[in-house]
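See structure below.
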DNA sequence: ACATTTGTTAACATTAGCTTAACAAAAACT
DNA sequence: AGTTTTTGTTAAGCTAATGTTAACAAATGT
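Residue numbers (our numbering), protein chains in the order written: chain A, 4 to 229; chain B, 4 to 229.
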């Protein structure tokens with residue numbers, strides 16, 4: 004999704020900050036909208052249905068936390084992303100765990116490059132590419148966020164590579180992943196490791212899952228299949 | 004705190020009354036849950052951690068008084084508010100409810116407006132003094148307002164960074180927080196501190212909590228898990 | 001101003017998990 | 001069948017990531 008189609012609603016009571024953010028986001032091609040308090044933000048959000056709302060926490064009339072709560076409870080808005088703006092040294096405790104469902108925190112003072120990259124990361128998430136934190140296949144459930152694999156009610160611990168490898172295979176059950184592809188997607192293009200490395204990891208996964216699920220297609224690669 | 008975030012557990016053996024209360028509370032925006040006896044109520048309460056439980060006194064299987072007693076003895080639930088539903092002419096002496104720690108009585112027949120205003124009053128009490136900033140996970144209770152962590156009846160003092168770090172981890176139990184994320188959310192984007200800093204804080208927290216609860220996922224991050 | 005508590009760093013110890021090498025087994029090819 | 005190629009297995013080393021400690025700096029309290 005290109006920036007031109009992304010609507011971002013900026014909410015802050017300080018005009019300077021709004022202007023600053025708006026300038027930087029517009030330069031990147033985003034569509035921007037502004038509101039100066041939570042109340043206004045919600046009305047506007049319902050109207051324009053932005054992809055992302057950047058909310059200052061401290062605002063008159065209605066603060067960011069409260070606004071976020073309302074947004075999260077509005078069925079029309081519950082899927083928009085919300086990022087909080089927090090003062091540099093604002094106690095994290097003020098916001099932490101108010102599990103109002105914020106997707107990110109951006110701290111002041113805002114640096115344009117940080118802002119942009121955070122926003123892009125956020126939007127990447129919304130587009131589905133990354134998210135999908137929980138995948139269930141048969142009696143297997145892998146949770147990328149918690150980094151756990153649950154198998155027959157048992158939570159198993161998987162070290163990084165094993166997890167990523169299994170995760171990759173499961174991402175498309177049935178598809179055969181060639182060694183090349185596994186290499187680049189689990190290890191990356193730069194680092195070079197021997198060929199047996201993959202086998203060893205496959206073996207460990209099989210060991211933990213009691214075999215069966217990962218199949219070898221000789222000369223081609225591996226696949227996950229029930 | 005807006006009604007949308009208030010969870011109320013309604014407990015009565017008469018479906019009509021449940022439905023009546025539920026209808027009225029939902030209209031006000033509260034989240035409601037229902038159970039038809041004390042047994043069920045307790046299981047449900049542990050699960051959903053409601054803010055308020057409205058208990059009928061006379062019920063089959065387990066009556067309200069007994070249920071309340073159990074609730075008050077469960078560390079995870081001891082701070083929820085409990086209100087009893089009493090028949091109009093029920094003798095107060097019979098109730099003995101205050102002995103088991105009820106916070107209010109609501110007498111049948113229930114009038115919607117009375118019900119709502121009593122509930123709001125109750126919840127105001129909660130917000131004024133305790134709770135809301137209080138999170139309980141297992142035998143841990145962290146209070147963001149007081150900056151304290153209670154563990155096995157012991158109030159521990161956590162310095163700011165430690166507290167914020169623990170607080171972050173607990174805000175989503177199970178989720179693995181990468182070092183990057185920890186950095187930005189506890190320290191902020193601007194300030195740069197060495198890598199070992201996080202470890203040292205983690206260590207101190209573990210020291211105080213007697214270890215176990217914070218787990219390391221090597222190469223990924225840390226998570227809080229029971 | 002001093003004492004105490006927090007936060008950070010640096011240097012070193014430790015460990016988990018990654019990689020490898022060497023060999024065994026199984027397919028695949030002649 | 002024999003040979004070649006690919007994969008499985010094992011255990012031992014290696015390395016990067018984390019744990020640990022203590023000393024110092026910074027903040028906070030008295």
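For every residue, glycine included, the Cβ atom is placed at its ideal position computed from N, Cα and C.
Nearest CB-CB separation between residue 225(A) and chain B: not below the 7 Å threshold. Inclusion of residue 118(A) and residue 84(A) in the CB contact set at 7 Å is not warranted, their separation being larger than that value.
Taking 8 Å as the Cβ-Cβ cut-off, the stretch 155–186 of chain B approaches chain A at 163, 166, 167, 170, 171, 173, 174, 175, 177, 178 and 179, given in chain order. Counting along the chain, the unbroken alpha helix (DSSP H) around residue 170(B) starts and ends at 163–174. The three-state secondary structure of residue 154(A), taken from DSSP, is strand. Distance from residue 154(A) to residue 142(A) at the Cβ level is roughly 6 Å; contact confirmed, criterion being Cβ atoms closer than 8 Å. At least one CB of chain B lies nearer than 7 Å to the CB of residue 148(A). Under the DSSP definition of a beta bridge, residue 223(B) lacks any partner. Only residues of its own chain outside the window of five on either side were considered, and among them 34, 36, 51, 53 and 54 have a CB closer than 7 Å to the CB of residue 10(A), listed in chain order. The beta-carbon of residue 192(B) is placed less than 7 Å from the nearest beta-carbon of chain A. Residues of chain B whose Cβ lies closer than 8 Å to the Cβ of residue 110(A) are, in chain order, 187, 191, 192 and 193.
For residue 138(A), the enclosing beta strand (DSSP E) covers residues 137–140. Per the DSSP secondary-structure output, residue 218(A) pairs in a beta bridge with 226(A). Look at residue 73(B) here: in three-state DSSP terms it is helix. Around the beta carbon of residue 193(B), fewer than 16 other beta carbons sit within 10 angstroms, so the residue counts as exposed.
Interface flag for residue 152(A) against chain B is unset, since no Cβ pair is found closer than 7 Å. Buried is the label assigned to residue 67(A), since at least 16 other Cβ atoms lie within 10 Å of its Cβ.
The closest CA to that of residue 178(A), considering only 112(A), 49(A), 26(A) and 229(A), is found on 229(A). In the three-state reduction of the DSSP assignment, residue 50(A) falls in the helix class. Beta-bridge pairing by DSSP links residue 86(A) to 57(A) and 107(A). At the C-beta level, residue 86(A) and residue 113(A) stay beyond 7 Å of one another.
Cβ atoms of residue 189(B) and residue 167(B) come within 8 Å of each other, at about 5 Å. Here the alpha carbons of residue 209(B) and residue 215(B) stand approximately 7 Å from one another.
About 7 Å separates the Cβ atoms of residue 15(B) and residue 39(B), confirming a contact at the 8 Å cut-off. Contact annotation for residue 138(A) against chain B: no contact, minimum CB-CB distance about 16 Å [criterion: below 8 Å]. Relative to residue 88(B), the option among 24(B), 73(B), 219(B) and 49(B) whose CA is nearest is 24(B).
By a beta-carbon distance limit of 8 Å, residue 80(B) contacts residue 48(B). Their separation comes to about 6 Å. Taking a 10 Å sphere around the C-beta of residue 165(B), we find 16 or more other C-beta atoms and assign the residue as buried. Interface flag for residue 203(A) against chain B is unset, since no Cβ pair is found closer than 7 Å. At least 7 Å separates the beta-carbon of residue 227(A) from that of residue 185(A). In this structure, residue 159(B) places its C-beta atom within 7 Å of the C-beta atom of residue 211(B). Residue state for residue 117(A) is assigned as helix, using DSSP reduced to three classes. The contact set of residue 220(B) on chain A, defined by CB atoms closer than 7 Å, consists of 150 in chain order. Annotated three-state conformation of residue 144(B) is strand, per DSSP.
For residue 223(B), the closest of 161(B), 150(B) and 180(B) by C-alpha to C-alpha distance is 180(B). Going by DSSP, residue 180(A) is part of the beta strand (DSSP E) stretching over 179–181.
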